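*Asks:* First the structure, which I've put down as structure tokens, then a few questions once you've had a look.
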């Protein structure tokens, strides 16, 4: 009976991500198709294509405008106004920081490191590429398997160890709660850095 469980599990591992991805694409397609921009155009894929093209043109145009002197002034005024709206300030600043982090060209961004926070307990963390005013590195220690939550910690250079590991391998380990494979090895087969 073990083979049934193993084959069933392998099938789920392959099919569930595909089905979830197809569902997400269908959901996104329906959202775009429902936009009032080009929703009356038949066939529907042409309207969706035009909507995507329009959004891309608007995003590139705004991006180009924001790199000008007037754009910087508009950005400063927009930040000032948004930071005066109670409650909304947190959402605005958090989303702005998330987008800036995602499109940043920093080479230190998300570099995996190991930290010893409690005794000999080693934890996977990621460098954010930012530092505090007193020179400490800001690191993000994600929770497992939900990496969207975790802790932001401040450490000196000697308090964490940079590892020769890709971001993907570190994320696989955290997302899979240590059960995922990294370069053909399970997490439990990883060589020790000690």
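Numbering (the numbering used here), first residue to last: 1 to 194.
For each residue, glycine too, the CB sits at the ideal point set by N, CA and C.
For clarity, every value in this text was computed on a predicted model and none was experimentally measured.
Tell me where the beta strand (DSSP E) around residue 114 begins and ends.
*Replies:* Your numbering for residue 114 matches position 114 in the chain shown. 112-118 is the extent of the beta strand (DSSP E) around residue 114.
*Asks:* Kindly provide the ranges of any alpha helix (DSSP H) runs that are 4 or more residues long and lie completely inside the segment 24-105, ordered along the chain.
*Replies:* Those alpha helix (DSSP H) runs which fall completely within the segment 24-105 and span 4+ residues are 44-66, 69-82 and 88-103.
*Asks:* Which of the three DSSP states, helix, strand or coil, is assigned to residue 12?
*Replies:* Numbered from 1 along the chain shown, position 12 holds the residue referred to as residue 12. The answer is helix: DSSP assigns residue 12 an H, G or I state.
*Asks:* I want to know whether the segment 73-90 touches the segment 127-140 - three or more CB-CB distances under 8 Å.
*Replies:* Not touching, per the Cβ criterion.
*Asks:* On a CA-only basis, which of 50, 23, 172 and 70 is nearest residue 145? Give me that one, please.
*Replies:* Along the chain shown, one-based indexing puts residue 145 at 145. Closest by alpha carbon: 172.
*Asks:* On the DSSP letters alone, give me the boundaries of the alpha helix (DSSP H) that residue 168 sits inside.
*Replies:* On the chain shown, residue 168 is found 168 positions in, with the first residue counted as 1. First-last of the alpha helix (DSSP H) with residue 168: 167-175.
*Asks:* Among 154, 15 and 112, whose alpha-carbon lies nearest the alpha-carbon of residue 164?
*Replies:* Numbered from 1 along the chain shown, position 164 holds the residue referred to as residue 164. Residue 112 is the option with its Cα nearest to residue 164.
*Asks:* What's the call for residue 17, buried or exposed, on a 16-neighbour Cβ count within 10 Å?
*Replies:* Within the chain shown, residue 17 is the residue found at index 17, counting from 1. By the neighbour-count rule (16 or more Cβ atoms within 10 Å), residue 17 is not buried but exposed.
*Asks:* Expressed to the nearest angstrom, what Euclidean distance is found between the alpha-carbon atoms of residue 97 and residue 116?
*Replies:* Sequence index remark: in the chain shown, residue 97 carries index 97 (1-based). Sequence index remark: in the chain shown, residue 116 carries index 116 (1-based). Their backbone Cα atoms lie some 27 Å apart in a straight line.
*Asks:* Mind reading off the beta-carbon distance from residue 142 to residue 174? Whole number of angstroms is fine, and I expect it under 8 Å.
*Replies:* For the purposes of this step, residue 142 is taken as the residue at position 142 of the chain shown. For the purposes of this step, residue 174 is taken as the residue at position 174 of the chain shown. Contact flag correct, Cβ pair sits at about 5 Å.
*Asks:* With a CB to CB cut of under 6 Å and the five nearest residues on each side skipped, what residues in its chain are close to residue 15?
*Replies:* Counted from its first residue, the chain shown places residue 15 at position 15. For residue 15, where only same-chain residues beyond five positions count, there are no Cβ hits under 6 Å.
*Asks:* Along the chain, where does the beta strand (DSSP E) that runs through residue 140 open and close?
*Replies:* To locate residue 140, count along the chain shown from 1; it is residue 140. Segment 137-142, the beta strand (DSSP E) holding residue 140.
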